[in-house]
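Engineer: As you go down the protein sequences, you meet chains P and U in turn.
Numbering of the first sequence is given in my numbering, commencing with residue 1178 and proceeding in unit increments.
Numbering of the second sequence is given in my numbering, commencing with residue 3 and proceeding in unit increments.
There's a structure below that I have some questions on.
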Amino acid sequence: MIRCENLYKSYPMGHGRKKVLEGLNFEIGRGDRVGVLGRNGAGKTTLIKLIGAVEMPTSGRIKREMKVSWPLGFAGGFQGSLTGYDNARFIARIYDRDYREIRDFVEDFTELGRQLKMPVKTYSSGMRARLAFALSLAIEFDCYLIDEVILVGDQNFHRKCHYELFEKRADRALVLASHSPDTIREFCNRTIVLRNGKGEVYDNIDEGLNIYDTL
Amino acid sequence: MSSLRAGWRIQIRVISALMIRELTTRFGRENIGFLWMMVEPLLFAALVGIMWSFMRDDEHGVGVVAFVVTGYLPLTLFRHVVARSVKVFSVNGSLLYHRQINILDFIFVRFAIEVIGGMMAYVFIATILIGMKLFPVPAEPLFLINGWLLYCLFSLAVSLILAPLSEVSEALEKFIPVTTYIMIPFSGTFNMMSWLPPKVRDIMYWSPPANAMEMMRYGVFGDQVTPIYDPMVPLGISLVLLPIGLALCRRIRRTLVVE
């Protein structure tokens, strides 16, 4: 379970502060698949970063009783100047996994072939997404944090994600930020709609998506 | 106890992974790699050697080359440790995606690499110069090592304070290179305490690097020099700076914006 208690986050902006989240309370249970909805700048990425402990909340606290992945998004988690293999080796080292197992899984999942020997900064966003997913799936987490990035993949990648996340890992939790109603419908069973720094939780997907439509 | 041991194990693993990563990103896999670290001190030693061949000067009873080398190598370490701590958190921001990595690890890793590289350069250059009879065999190795350790400790303490400050102040970030040069006269690099007038010596007494330097010089030259030092100054000042630096790092982590 992950419990967010009275979460506030603001960033310095000019002379004042930009308040992004203002008192967020919610829980994510085991196996929950939460879709995060909100307009641009509503705080979706911020929320995911806070849950992943990449950034710290200005106040409030997050209790994590599951193994939470790092946020899978367009940035972060990788060293651009290192190759795909080097990044895999690094991840294997810090998460104490066998490098060969991870390498085999990454090769199989990403289908990037020789590109894995190239620096990650030369990858397209779709290729990055493949690598990020492959690495976090290989580590095995109880809860996956996914920021948009699922959308940049092609059909084949989408199918693979669906297979790995739903059929093989149906018991895992998921927090997915996305603007695509189809993706939310496909992957989630709950939604949280962010607006004006507050979050509203809807256990019915369609209800959440309807609210999101009116934003 | 077992959780403490597990934590320690994770820490060791993370540090070693970060060191390998830092070395590959900084020096690459091609050609001499890590040995590049020794190139700058080596070039410098070569230049001093050439200079020396024009002006033989033993007025203080010790060889100029050996004296300059013993002063310059630790100073290089200090300059590098400080320079590499500037903006170290935002540069490594993408690594904070992994929860087992602590921001202090960034500083320790860069510090460790500089210390190891600096020691390798020291041993290498000293060995060559001893072969050329330009450098004495260290008379009191223990003093050399202790002085070096104190010098390293002080460098670490300073970098722990400058690293978080450089994240919040653009101006400070620009001033750091200048201040490391201003520090040179207070570092004991090019002079011994005993050469100074008593008034200046009283001021220099409070300089942590100067005290550590005296110890190293005594370690190398033995009774050829008259060291004036107090190990408690670098030790005490570092131990005061360390917790301040740690607190600042902790504070900055709360507000750090990671891309």
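Even glycine gets a Cβ: it sits at the ideal position worked out from N, Cα and C.
These figures come from a predicted structure and were not determined experimentally.
For the alpha helix (DSSP H) containing C1338(P), name the first residue and the last one.
Structural biologist: Here the alpha helix (DSSP H) through C1338(P) covers Q1332 to H1339.
Engineer: In angstroms, rounded to a whole number, what distance separates the CA positions of L241(U) and A159(U)?
Structural biologist: One C-alpha to the other measures close to 8 angstroms.
Engineer: Any contact of the stretch 1349 to 1366 of chain P with the stretch 1274 to 1290 of chain P, i.e. 3+ C-beta pairs under 8 angstroms?
Structural biologist: No, the stretch 1349 to 1366 of chain P does not touch the stretch 1274 to 1290 of chain P.
Engineer: Roughly how many angstroms lie between the CA atoms of V1326(P) and P211(U), to the nearest whole one?
Structural biologist: Each residue's alpha carbon lies about 50 angstroms from the other.
Engineer: Which residues in the same chain have their Cβ closer than 7 angstroms to the Cβ of R1238(P), if we skip the five residues on either side of it in sequence?
Structural biologist: Once the five neighbours on either side are set aside, the close Cβ partners of R1238(P) are E1182.
Engineer: D1324(P): buried (16+ other C-beta within 10 angstroms of its C-beta) or exposed?
Structural biologist: Under this definition D1324(P) is a buried residue.
Engineer: Enumerate, from N- to C-terminal direction, the unbroken beta strand (DSSP E) stretches of 3 or more residues contained entirely within the stretch 1292 to 1362 of chain P.
Structural biologist: Fully enclosed beta strand (DSSP E) runs of 3 or longer: 1320 to 1324 and 1350 to 1354.
Engineer: Please work out which residues of its chain come closer than 7 angstroms, Cβ to Cβ, to G279(U), disregarding the five sequence neighbours upstream and downstream, and give them in chain order.
Structural biologist: One cannot answer for residue 279(U) here, as it falls past the ends of chain U, which runs 3 to 261.
Engineer: What is the C-beta distance between L162(U) and G247(U), in whole angstroms, given that I count them as a contact (C-beta under 8 angstroms)?
Structural biologist: That belief holds up - the Cβ atoms of L162(U) and G247(U) are roughly 3 angstroms apart, short of 8 angstroms.
Engineer: So who's on the other strand from T1260(P), going by DSSP bridges?
Structural biologist: Partner(s): P1296(P).
Engineer: Using 8 angstroms as the threshold, is the C-beta distance between L155(U) and M217(U) below it?
Structural biologist: No; because the gap between Cβ atoms is not below 8 angstroms, this pair is not in contact.
Engineer: Drop a sphere of 10 angstroms on the beta-carbon of D1390(P), count the other beta-carbons inside from all chains shown, and report buried for 16 or more, exposed for fewer.
Structural biologist: Burial call: exposed.
Engineer: Let me know the secondary structure DSSP gives L151(U) once reduced to three states.
Structural biologist: In the structure shown, L151(U) sits in a helix (DSSP, three-state: H, G or I).
Engineer: Buried or exposed, going by whether 16 or more other CB atoms sit within 10 Å of the CB of E1399(P)?
Structural biologist: Because chain P in this structure spans residues 1178 to 1392, residue 1399(P) falls outside the shown range and cannot be described.
Engineer: Could you work out which residue in A1315(P), A1309(P) and G1257(P) is closest to R1274(P) when comparing CA atoms only?
Structural biologist: Ranking A1315(P), A1309(P) and G1257(P) by Cα distance to R1274(P) puts A1315(P) first.
Engineer: For E172(U), would you say it is in contact with chain P, using Cβ-to-Cβ distances shorter than 8 angstroms as the test?
Structural biologist: No, E172(U) lies away from the interface with chain P (no Cβ there is under 8 angstroms from its Cβ).
Engineer: So which residues of chain C does A1350(P) contact, with C-beta pairs closer than 9 angstroms?
Structural biologist: Among the chains of the structure shown, chain C does not appear; the protein chains present are P and U.
Engineer: The beta strand (DSSP E) with V1378(P) in it runs from where to where?
Structural biologist: Segment K1375 to Y1379, the beta strand (DSSP E) holding V1378(P).
Engineer: Tell me whether the beta-carbon of V70(U) lies closer than 8 angstroms to the beta-carbon of V41(U).
Structural biologist: For V70(U) and V41(U), no; Cβs fall outside 8 angstroms.
Engineer: Exposed or buried, which one is T129(U) when buried takes at least 16 other CB atoms within 10 Å?
Structural biologist: By the neighbour-count rule (16 or more Cβ atoms within 10 Å), T129(U) is not buried but exposed.
Engineer: Taking the alpha helix (DSSP H) that M218(U) belongs to, which residues open and close that run?
Structural biologist: Here the alpha helix (DSSP H) through M218(U) covers P210 to F223.
Engineer: Please tell me whether R255(U) and M1233(P) are closer than 8 angstroms, where the distance is taken between their beta carbons.
Structural biologist: Their beta carbons are under 8 angstroms apart, which means R255(U) touches M1233(P) by this criterion.
Engineer: In chain order, what residues of the same chain have a beta carbon less than 6 angstroms from the beta carbon of E1341(P), not counting five sequence neighbours either side?
Structural biologist: Counting only Cβ-Cβ distances below 6 angstroms, and skipping sequence neighbours, we find L1314.
Engineer: If you run the structure through DSSP and keep just helix, strand and coil, what is V1211(P)?
Structural biologist: Note: V1211(P) maps to strand in three-state DSSP.
Engineer: Which complete alpha helix (DSSP H) runs does the stretch 127 to 181 of chain U hold, if anything under 4 residues is left out?
Structural biologist: Segments of the alpha helix (DSSP H) lying fully in the stretch 127 to 181 of chain U: 143 to 170.
Engineer: Is there a C-beta anywhere in chain U that falls below 8 angstroms from the one on G1229(P)?
Structural biologist: So, interface residue.
Engineer: Work out the CA separation of L258(U) and G1229(P) for me, nearest whole Å.
Structural biologist: When rounded, the distance between both Cα atoms is 14 angstroms.
Engineer: Within the continuous beta strand (DSSP E) that includes G1193(P), where are the two ends?
Structural biologist: G1193(P) -> beta strand (DSSP E) spans G1193 to I1205.
Engineer: Please go through the same chain and pick out, in chain order, the residues whose beta-carbon is closer than 6 angstroms to the beta-carbon of F188(U), but skip the five residues on each side of it.
Structural biologist: Excluding residues within five positions, the ones whose Cβ falls inside 6 angstroms are S209.
Engineer: Taking a contact to mean a Cβ-Cβ separation below 8 angstroms, would you say I1382(P) touches L1312(P) in this structure?
Structural biologist: No; because the gap between Cβ atoms is not below 8 angstroms, this pair is not in contact.
Engineer: Less than 6 angstroms between C-beta atoms, sequence neighbours within five positions excluded: which residues of the same chain meet that for G1212(P)?
Structural biologist: Excluding positions up to five away in sequence, the list reads L1353, I1361, C1365 and T1368.
Engineer: Classify K1337(P) as buried or exposed, calling it buried when 16 or more other Cβ atoms lie within 10 Å of its own Cβ.
Structural biologist: Counting Cβ neighbours within 10 Å, K1337(P) comes out buried, since at least 16 surround it.
Engineer: When DSSP builds the beta bridges, which residues end up paired with Y1188(P)?
Structural biologist: For Y1188(P), which the question treats as bridged, DSSP gives the partners K1195(P).
Engineer: Would you tell me roughly how many angstroms separate the C-alpha atoms of E172(U) and L164(U), rounded to the nearest one?
Structural biologist: Roughly 12 angstroms between the two C-alpha positions.
Engineer: Apart from the five residues just before and just after R1372(P), which ones in its own chain have a Cβ nearer than 8 angstroms to its Cβ?
Structural biologist: Answer for R1372(P): G1215, R1216, A1219 and L1392, listed in chain order.
Engineer: With contact counted as at least three CB pairs below 8 angstroms, one residue from each stretch, are the stretch 116 to 125 of chain U and the stretch 79 to 95 of chain U in contact?
Structural biologist: The answer is yes - the stretch 79 to 95 of chain U touches the stretch 116 to 125 of chain U, with three or more Cβ pairs under 8 angstroms.
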